[in-house]
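Number 383 marks the last residue of the sequence shown (UniProt numbering); no jumps.
Just below is one structure, and these are the notes that go with it.
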Amino acid sequence: MSFSRSRSRSPDTFRKRRETYWDVKESPYGVPLPPAGMSAMSGHAEGQGNAVPAPNPAAAAQAVAAAIAPNAVVPPASVAQQMQAGELAATMAQPTYQATRHARRLYVGNLPADSTDADVSEFFNKSMTVAGGVESPGNPVLSVYLNLDKRFAFIELRTMAEAAAALQMDGVLFRGMSLRMRRPNDYNPIAFPPVEPPASFNPSLLGIVSTQVPDGPNKVFIGGIPYHLTEDQIKELLQAYGPLGAFNLIKDANTGLSKGYAFFEYQDPSIIDVACQGLNGMQINDKTLTVRRANQQGGSSQKTAQMGVGGVGQIQMPTRVLELDNMLTEEDLQNEEEYDDICEDIKEECSKYGNLEEVLIPRKGPEDAPEAKGVGKVYLKYS
1 MSFSRSRSRS PDTFRKRRET YWDVKESPYG VPLPPAGMSA MSGHAEGQGN
51 AVPAPNPAAA AQAVAAAIAP NAVVPPASVA QQMQAGELAA TMAQPTYQAT
101 RHARRLYVGN LPADSTDADV SEFFNKSMTV AGGVESPGNP VLSVYLNLDK
151 RFAFIELRTM AEAAAALQMD GVLFRGMSLR MRRPNDYNPI AFPPVEPPAS
201 FNPSLLGIVS TQVPDGPNKV FIGGIPYHLT EDQIKELLQA YGPLGAFNLI
251 KDANTGLSKG YAFFEYQDPS IIDVACQGLN GMQINDKTLT VRRANQQGGS
301 SQKTAQMGVG GVGQIQMPTR VLELDNMLTE EDLQNEEEYD DICEDIKEEC
351 SKYGNLEEVL IPRKGPEDAP EAKGVGKVYL KYS
């Protein structure tokens, strides 16, 4: 279960305007600003290293936590080589080009703040070629439409198969940012037959960690993350226990800054409990990490009563009120704006599971007020 702010309906402003079918809701993801003294990261398609679990993962995690600090890196200087105008015009004139256009364009979110059309085009052209995601020689990207204010773009690929390959690049690192690859909101999957990426496509060559963490027993929540930590630094900490299968850092939709919590999963589910035990309660600066399974269900925590005659035990009755533990820290609740954002996020996400009547998040009152109970917990009441 992840919390994300809904996309606003403000009109998009593009550098290059086209027909109105490019008017798609803005991304829910912003772009985090680098810490003081830190420049933009490398623009190559170098992925997050899927390192083999360390012999002593707890010690490795401690070492990572102690070593985390901003690192200066060199930004890219190359510029993408664009397709010749005649070649592009000939391609666009083909009947299949217009018929498959909706299936060949993709939304790209979480772009670095200073991205350009040429940067995005060059990155995808090189990355897809390296990973074998092209069907023929040449650049797979036909065009890029960049929204400078909201830091997202639409890219248009040559073929549906190449678009399918680019879609599987969700989470690829572009200058230190994990890109989010999605179909636009106006895409209708019924209108197009299922298409697979080229047989030669191997996204593992790009070291991709997906940003889409599926709901299920292997989804893990981490809270209490210091706001200045980058995605790479958090991933490095988590990967002390094993390679990640997916990771999603929740960010403010307007500022793009971290909200201090994330969801992730490991490639090997058997290490989840060990990682939660080792990471939960870890101190990083003035923050204390909370790490647990996002969906606490089944297992020994929900044991039934011993079976009696006839094989029927005690049945747990359904409830309208839920208590979520270890969701927040006292620091998360001190800022009034942040408190309102947290309430809105929780209401939006938890409403998906029923008619939500009330959300209660206790927090400390004035110094002379009685001590509040349940600080750090969230209470949900359904109808």
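In this text, a Cβ means the ideal position worked out from N, Cα and C, and glycines have one as well.
query: At 4 residues or longer, and completely inside the UniProt domain "RRM" (104 to 186): list those alpha helix (DSSP H) runs for me, N to C.; result: 117 to 130 and 160 to 167
query: Using only CA atoms, which one of Ala113, Pro226 and Pro189 lies nearest to serine 178?; result: Ala113
query: Go ahead and pull the three-state DSSP assignment for tyrosine 241.; result: coil
query: Alpha carbon to alpha carbon, how far is aspartate 340 from phenylalanine 221?; result: 21 angstroms
query: How close, in whole Å, do the beta carbons of arginine 175 and glycine 109 come, if the pair is a contact with beta carbons under 8 angstroms?; result: The Cβ separation is near 14 angstroms, so there is no contact.
query: Which residues in the same chain have their Cβ closer than 7 angstroms to the Cβ of asparagine 218, if we skip the five residues on either side of it in sequence?; result: Glu265, Pro269 and Ile272
query: Taking just the CA atoms, how far does alanine 99 sit from leucine 238?; result: 44 angstroms
query: Look at the alpha carbon of leucine 279 and the alpha carbon of leucine 106, and state the distance between them as a whole number of angstroms.; result: 36 angstroms
query: Can you tell me where the alpha helix (DSSP H) holding leucine 279 begins and where it ends?; result: 272 to 279
query: By DSSP, does leucine 322 sit in helix, in strand, or in coil?; result: strand
query: Give me the Cβ distance between lysine 287 and proline 362, rounded to the nearest whole Å; I'm assuming they're in contact under 8 angstroms.; result: Rounded, the Cβ-Cβ distance is 20 angstroms, inconsistent with contact.
query: Residues in its own chain within less than 7 angstroms of asparagine 355 by CB, not counting five upstream and five downstream?; result: Tyr382 and Ser383
query: Compute the Euclidean distance between the alpha carbons of lysine 373 and isoleucine 234, then round it to the nearest angstrom.; result: 31 angstroms
query: Do you know whose CA, among Leu322, Glu330, Ala131 and Ser200, lies nearest tyrosine 353's CA?; result: Leu322
query: By Cβ distance below 7 angstroms, which residues in the same chain neighbour aspartate 332 in space, the five residues on each side in sequence not counted?; result: Gly260, Glu338 and Ile342
query: Quick one: what does DSSP say isoleucine 208 is sitting in, helix, strand or coil?; result: coil
query: DSSP state of lysine 352, grouped into three classes?; result: helix
query: Measure the C-alpha to C-alpha separation of proline 198 and methionine 128 and round it to an integer number of angstroms.; result: 11 angstroms
query: Would you tell me roughly how many angstroms separate the C-alpha atoms of threonine 159 and arginine 151, rounded to the nearest one?; result: 25 angstroms
query: Compute the Euclidean distance between the alpha carbons of asparagine 71 and alanine 240, then round it to the nearest angstrom.; result: Since pLDDT at asparagine 71 reaches only 39, below the 50 mark, its modelled position is unreliable, and no value is offered.
query: Spatial neighbours of valine 274 within its chain, please: CB distance less than 8 angstroms, with the 5 preceding and 5 following residues excluded, ordered by chain position.; result: Pro57 and Tyr241
query: Short of 7 angstroms in beta carbon distance, which residues of its chain neighbour alanine 294, apart from the five on each side in sequence? Order them along the chain.; result: Met1, Lys219, Val220, Phe221 and Phe263
query: Pick out whichever of Ala246, Ser258, Pro203 and Lys377 has its Cα sitting closest to the Cα of aspartate 215.; result: Ala246
query: With distances taken Cα to Cα, identify the nearest neighbour of valine 120 among Tyr145, Asp345, Pro184 and Gly256.; result: Tyr145
query: Does DSSP put methionine 191 in a helix, in a strand, or in coil?; result: For clarity, residue 191 is alanine in the given sequence; the question names methionine instead. Looking at alanine 191 - three-state DSSP - the assignment turns out to be helix.
query: How is tyrosine 227 classed by DSSP in three states: helix, strand or coil?; result: coil
query: Between the alpha carbons of valine 359 and alanine 118, how many angstroms are there, rounded?; result: 46 angstroms
query: Beta carbon of threonine 329, beta carbon of glycine 224: below 7 angstroms?; result: yes
query: Is the beta carbon of phenylalanine 201 closer than 7 angstroms to that of alanine 103?; result: no
query: When the Cα of threonine 211 is compared with those of Ile190, Leu249, Ser204 and Pro194, which residue comes out closest?; result: Leu249
query: Under the assumption that alanine 131 contacts leucine 206 (Cβ atoms under 8 angstroms), give the Cβ distance between them as a whole number of angstroms.; result: 5 angstroms
query: Assuming contact is defined by CB atoms lying nearer than 7 angstroms, are aspartate 325 and lysine 364 in contact in what I supplied?; result: no
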